[in-house]
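Residue numbers (the working numbering): 91 to 184.
Yeah, the Cβ is synthetic: ideal placement off N, Cα and C, and Gly gets one too.
Note that the structure is a prediction, hence the values are computed from the model and not measured.
To start, the structure itself, in structure tokens.
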């Protein structure tokens, strides 16, 4: 049973990548920024806000699936609750 150090390093790198949520956080922040800009504009934004909320939901779900910490899981649940409230409001926007 020889241990393959290269394989161990590869598996550790893959695991670290699977647990890393930085990319999702960056994309989520970007979607939030675009969402705010759309709200500040004068153009009709209902469809755009709906699309952005779907993208935010996708990022939040990915963060949740990578969460290996109870505190982070709690934050993900709160984000989902708040996003659901936002999505309900979007239904009233043209």
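Own chain partners of residue i with C-beta closer than 8 angstroms, once the 5 adjacent residues on each side are dropped
i, result
"residue 117", "145 and 149"
"residue 161", "none"
"residue 129", "135 and 139"
Terminal residues of the alpha helix (DSSP H) in which residue i lies
i, result
"residue 174", "160-180"
"residue 149", "136-156"
For residue i, the three-state DSSP class (helix, strand or coil)
i, result
"residue 116", "helix"
"residue 93", "coil"
"residue 127", "helix"
"residue 111", "coil"
"residue 99", "helix"
Distance, residue j Cα to residue i Cα
i, j, result
"residue 113", "residue 155", "14 angstroms"
"residue 95", "residue 152", "30 angstroms"
"residue 169", "residue 93", "42 angstroms"
"residue 140", "residue 163", "24 angstroms"
Closest residue to residue i among the options (Cα-Cα distance)
i, options, result
"residue 143", "177, 99, 98 and 97", "177"
"residue 109", "158, 126, 101 and 132", "158"
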